[in-house]
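Residue 16 in numbering that gives the first Met the number 0 is what sits at position 17 of the sequence shown, and the numbering runs on without skipping anything. Glycine is no exception: its CB is placed at the ideal position from the N, C-alpha and C atoms. A short worksheet on the structure shown next.
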Amino acid sequence: MYQRLVLVGYLGRDPEMRYTPQGTPVTSFPVATNRRYTTADGQQKEETVWFRVSVWGKQAEIANQYLTKGRRVLVEGSLIGDENGGPRIWTDRDGKPRASFEVRAYTVRFMESKREATASTGTTNGSAALPDVDELTSNNDEVPF
């Protein structure tokens, strides 16, 4: 059996990186996807679905370094379910039941160029902007994410 999920959305907050006891980096961040549609009675509706994304290894380090809240990304991965294959169910601080969709990312791609990221943040500081793909791949033939 095989599953693959592709998301294009926006980061809901800055990534958070941590390390496993074995020293493997793991970066987590929420991604919001939007869908606009027209109902049968002609009303415009918008639906937002949130996904909790985890990325591992070298990609985790790159995502943590270059991604920030509000950036657009493409994530390829697999959906992680609970023991029954459904979304993870939990209770929030107010006692309300919640569900979350969790994705283990295989690939995270930046959807903005360095120029777009600089324009949207209004800064020229390289740490605030995403690198050009050419900058990341100048020393090797493969994109590192």
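For Gln64, the enclosing alpha helix (DSSP H) has its first and last residue at 56-65. Counting of Cβ neighbours within 10 angstroms places Asn63 among the buried residues, the total reaching 16 or more. Below 8 angstroms, enough C-beta pairs join the stretch 44-52 and the stretch 95-103 to call them touching: three or more. Counting C-beta pairs with one atom in each stretch, the stretch 10-26 and the stretch 67-77 have three or more that are closer than 8 angstroms, which means they touch.
Excluding its 5 nearest sequence neighbours in each direction, Trp89 has C-beta neighbours in its own chain below 8 angstroms: Pro96, Arg97, Ala98, Ser99, listed in chain order.
For Tyr1, the three-state secondary structure derived from DSSP is coil. By DSSP's assignment, Gly8 forms a beta bridge with Val72. The continuous stretches of beta strand (DSSP E) do not include Met110, and DSSP gives it neither H nor E. For Thr90, the enclosing beta strand (DSSP E) starts and ends at 87-90.
When the five nearest sequence neighbours on each side are left out, the beta carbons in the same chain lying within less than 8 angstroms of the beta carbon of Lys44 are those of Arg35, Tyr36, Thr37, Thr38, in order along the chain.
When rounded, the separation of the alpha-carbon atoms in Phe28 and Asp40 is 36 angstroms. Annotation for Glu15: the continuous beta strand (DSSP E) segment containing it runs 15-18.
Rounded to whole angstroms, the gap between the alpha carbons of Gln42 and Tyr18 is 47 angstroms.
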